[in-house]
Amino acid sequence: MTIIAKINKWNPEPEKISQAAGIIKKGGLVAFPTETVYGLGADALNAEAVKKIYAAKGRPSDNPLILHVADFEKIYELVEVNETAEILMKKFWPAPLTLVMKAKNIIPSVTRGGLDTAAIRMPDNPTALALIEAAGTPVAAPSANLSGRPSPTDFESVFNDMNGRIEMILDGGEVEVGIESTVIDITNPKKILMLRPGGMPREILEETLKMKLEVPDSQSKKRSPGTRYRHYAPNIPVIIWRCGEKFPDFDNAAYVGIHAPEIKIKNFILFDDIKNFARGLFAAFRKFEREKFSCVIVEYPQDSFGIGEGLRDRILRSAGAENKNMYNKGEKF
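Just so we're aligned: the sequence shown equals residues 1453 to 1785 in our numbering.
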C-alpha cells in the first residue's frame, strides 16, 4: 500500500522527510509537492530506481527526466556548467527554471532518456528541498501522474493516479504555479533554446541574458520532457476557443477560462487573471472529467505574456489531435 503523509510544505516535519528520504535511498518512489506540480521522485543516479518511474507512469523510456537538486555544489558533479548556467543559477534558483546542459557519466543513460544532455533544476519549495537534501542524491522527478494525463497540482490528483503504484505520497496541499518549469537549452551559450515554456517567463530570461531565446529544431527539442508526446490531457476532449470567435456548441460541455462566453453555459470555471488560470487549469480538467462532461471548452489566452506562454503550450498539447490545426497558425511559443 502507498503510505500517505500530510506535511506542512512550508515547515516540513523532519520525521516525515526522513521516512520519505529513506524510501528514495532504498530505490523506491515518493511523490512530493514542488512549486510547479507534484513530482514523482527517485534516486536519479540509481538506474533501477529510475526505471520504476517509467513503469509507474507508463512513460516512454526515451522521454528524459529532470534532476532536482538542493545545493549548487552537486550540480558540478552532474553536468558541465558554463558561464551562462552560473549566471542563471545564481540569479534565479530556486525557481521554476530547468537548464539543459552537457551530462557527465555519473548520470545513468536511463535518467537522461539516452541523450548526452541532462535537465537540472532547483525547486522553490521547502518540502522538495528538504527531501532532496535528506536523500543525499539528486532526485529525478517528472510529474506524479500517469503519462499523458493532466499534471497533478494537489494531493487528490496524485492519489488517484499513483495510489498502489508507489511507496509514499507527501501531501503538501495545492501548488503555487500549476504548470511545469520552463526548460531552456544552454549547451551553446550563443544560441540558447526555449525547449518548453513554463513557470519562468521568457521575458525575464531574455532580459537577463540580453538575447532572444530561439526556437529549437526537432532534434534539440527532444532534450526536454513534455515536448514529444500528447500531454496534460483529460479523458474527455479539450476544445479550444478564442475570445471573440463563435463559441462551440456542444451538449453537456464545461468551460474554463477568463472571459465569459456570450452564450449561457451552466458548467464553468472563470479565473480572474492568467496566473490563477495557469494554477487551476489541470485541476479543472480533472474536475470536469470526474463529473462526466462530454468535453471541456478552454479559452486560449492570445495576448497574455509571462506565464501565459506556458499556459498556451499546455492548452494546445492537452487538445492534441482534436485541434492540431492550431499548431499551424503561427502561434508564438
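All residues carry an ideal CB built from backbone N, CA and C; glycine is no exception.
Check whether residue i and residue j have beta carbons under 7 Å apart
| i | j | result |
| --- | --- | --- |
| arginine 1675 | leucine 1567 | yes |
| alanine 1596 | leucine 1492 | yes |
| isoleucine 1584 | alanine 1483 | no |
| proline 1516 | arginine 1564 | yes |
| alanine 1570 | leucine 1551 | no |
| tyrosine 1707 | isoleucine 1749 | yes |
| lysine 1461 | glycine 1624 | yes |
| arginine 1511 | serine 1599 | yes |
| threonine 1639 | lysine 1543 | no |
| alanine 1580 | threonine 1486 | yes |
| isoleucine 1621 | isoleucine 1456 | yes |
| valine 1489 | valine 1627 | yes |
| proline 1560 | alanine 1499 | yes |
| leucine 1549 | methionine 1614 | no |
| alanine 1494 | alanine 1592 | yes |
| proline 1641 | asparagine 1534 | yes |
Contact set for residue i: own chain, Cβ-Cβ below 6 Å, skip 5 residues either direction
| i | result |
| --- | --- |
| leucine 1497 | Thr1589 |
| glycine 1630 | Thr1605, Ala1730, Arg1731 |
| asparagine 1775 | Unreliable positioning characterises asparagine 1775 in this predicted model, as indicated by a pLDDT of 47, which lies under 50. The coordinate reading is nonetheless provided below. The answer, listed in chain order, is Ile1692. |
| glycine 1709 | Glu1751 |
| alanine 1773 | The predicted position of alanine 1773 is uncertain, since its pLDDT is 47 and thus under 50; no value can be drawn from it. |
| isoleucine 1475 | Val1482, Glu1619, Met1620 |
| serine 1607 | Sequence check: residue 1607 is phenylalanine here, not serine. The answer, listed in chain order, is Asp1623. |
Rounded C-alpha distance that separates residue i from residue j
| i | j | result |
| --- | --- | --- |
| proline 1468 | valine 1562 | Per the sequence presented here, residue 1468 reads as lysine, with proline not at that position. Their Cα atoms are separated by approximately 29 Å. |
| tyrosine 1424 | phenylalanine 1720 | Outside the shown range of the chain (1453 to 1785) lies residue 1424, about which nothing can therefore be said. |
| threonine 1454 | phenylalanine 1734 | 23 Å |
| cysteine 1695 | leucine 1481 | 42 Å |
| lysine 1477 | asparagine 1463 | 22 Å |
| asparagine 1508 | isoleucine 1715 | A small correction: the amino acid at residue 1508 is alanine; asparagine does not occupy that position in the sequence shown. Answer to the nearest angstrom: the Cα atoms are 42 Å apart. |
| phenylalanine 1524 | alanine 1685 | 35 Å |
| leucine 1530 | leucine 1519 | 9 Å |
| serine 1770 | aspartate 1576 | 26 Å |
| aspartate 1637 | glutamate 1697 | 36 Å |
| lysine 1526 | serine 1633 | 20 Å |
| isoleucine 1459 | glutamate 1465 | 7 Å |
| proline 1713 | phenylalanine 1757 | 22 Å |
| serine 1672 | aspartate 1514 | 14 Å |
| tyrosine 1528 | glutamine 1471 | 28 Å |
| asparagine 1547 | proline 1578 | Inspection of the sequence shows that residue 1547 is occupied by alanine rather than by asparagine. If you take the alpha carbons of alanine 1547 and proline 1578, they lie about 12 Å apart. |
| glutamate 1783 | phenylalanine 1611 | Summary for glutamate 1783: the model assigns pLDDT 41, below 50, so the residue's position carries little reliability; its value from the coordinates is reported in the next sentence. Rounded to whole angstroms, glutamate 1783 to phenylalanine 1611 spans 35 Å at the Cα level. |
| isoleucine 1539 | tryptophan 1545 | 10 Å |
| threonine 1660 | glutamate 1532 | 21 Å |
| methionine 1541 | glycine 1616 | 36 Å |
Beta-carbon proximity list for residue i, same chain, < 8 Å, skipping 5 on both sides
| i | result |
| --- | --- |
| phenylalanine 1785 | Note that phenylalanine 1785 scores 30 on pLDDT, short of 50, meaning its location in the model is unreliable and no value can be drawn from it. |
| methionine 1663 | Ile1644 |
| lysine 1781 | For lysine 1781, the predicted model reports a pLDDT of 40, less than 50, meaning its position is unreliable; a value from the coordinates is still stated below. None. |
| leucine 1665 | Ile1636, Ile1644, Leu1645, Met1646, Arg1654, Leu1657, Glu1658 |
| glycine 1479 | Ala1494, Asp1495, Asn1498, Glu1500, Ala1501, Lys1504 |
Own chain, CB closer than 7 Å to residue i, minus 5 neighbours either side, in chain order
| i | result |
| --- | --- |
| lysine 1727 | Ile1759 |
| aspartate 1669 | none |
| histidine 1435 | The chain is shown only over 1453 to 1785; residue 1435 falls outside these bounds and no answer can be derived. |
| leucine 1722 | Gly1709, Ile1710, Ala1712 |
Per DSSP, cross-strand counterpart(s) of residue i
| i | result |
| --- | --- |
| tyrosine 1707 | Phe1720, Ile1749 |
| threonine 1569 | Lys1554 |
| glycine 1510 | Note: glycine 1510 sits in no beta bridge, so no partner. |
| lysine 1458 | Asp1623 |
| isoleucine 1636 | Leu1551, Met1646 |
| aspartate 1495 | Val1591 |
| isoleucine 1692 | Val1750 |
| glutamate 1666 | Leu1645 |
Minimum C-alpha distance to residue i - residue among the options
| i | options | result |
| --- | --- | --- |
| arginine 1738 | Gly1709, Asn1577, Val1627, Pro1602 | Pro1602 |
| asparagine 1704 | Ser1670, Ser1633, Glu1741 | Glu1741 |
| proline 1689 | Phe1702, Glu1697, Ile1618 | Phe1702 |
| isoleucine 1717 | Pro1700, Ala1736, Ser1470, Phe1607 | Pro1700 |
| aspartate 1725 | Asp1755, Gln1671, Phe1607 | Asp1755 |
| cysteine 1747 | Met1541, Gln1671, Asn1687, Ser1470 | Asn1687 |
| proline 1594 | Asn1612, Gly1616, His1683 | His1683 |
Heavy atom of the ligand ZN within 6 Å of residue i beta-carbon
| i | result |
| --- | --- |
| glutamate 1697 | In the structure shown, the ligand ZN is absent, as is every other ligand, since no ligand is present at all. |
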